[in-house]
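Peer 1:
Next up, the structure:
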């Protein structure tokens, strides 16, 4: 198990030190507080990531649309076929 680059032995040591510093009655309250803080950071990070992806998709769609329009404008105009000249040459 590896959370935030901290392995299981390091987590056990941190828990023991926290238990000695804060005591067994205060530790669950601190744990809940830390968990809520981490959860709020995760939620904010997820929201930021979603907004970033949405904006990136909008930009990508806009660029694709612009490229398609530019490609359509660069196509050479075809000349209309003159039907009268083809009938005259066959006579």
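Numbering (the numbering used here), first residue to last: 3 to 93.
In this text, a Cβ means the ideal position worked out from N, Cα and C, and glycines have one as well.
(1) Where residue 122 and residue 52 are concerned, what is the direct C-alpha to C-alpha distance, given to the nearest angstrom?
(2) Below 8 Å on the Cβ atoms is my guess for residue 20 versus residue 10; work out the distance and round it to an integer in Å.
(3) Can you give me the C-alpha to C-alpha distance between residue 39 and residue 6, rounded to a whole angstrom?
(4) Going by the CB atoms, is the gap between residue 16 and residue 8 shorter than 9 Å?
(5) Would you give the residue range spanned by the alpha helix (DSSP H) that residue 32 belongs to?
(6) Between the C-alpha atoms of residue 43 and residue 74, what's the straight-line distance to the nearest angstrom?
Peer 2: Reading it off the structure:
(1) The displayed coordinates of the chain run from 3 to 93. Any statement about residue 122 would go beyond what the structure contains.
(2) Contact doesn't hold; Cβ gap of about 16 Å is too wide.
(3) 15 Å
(4) yes
(5) 29-76
(6) 46 Å
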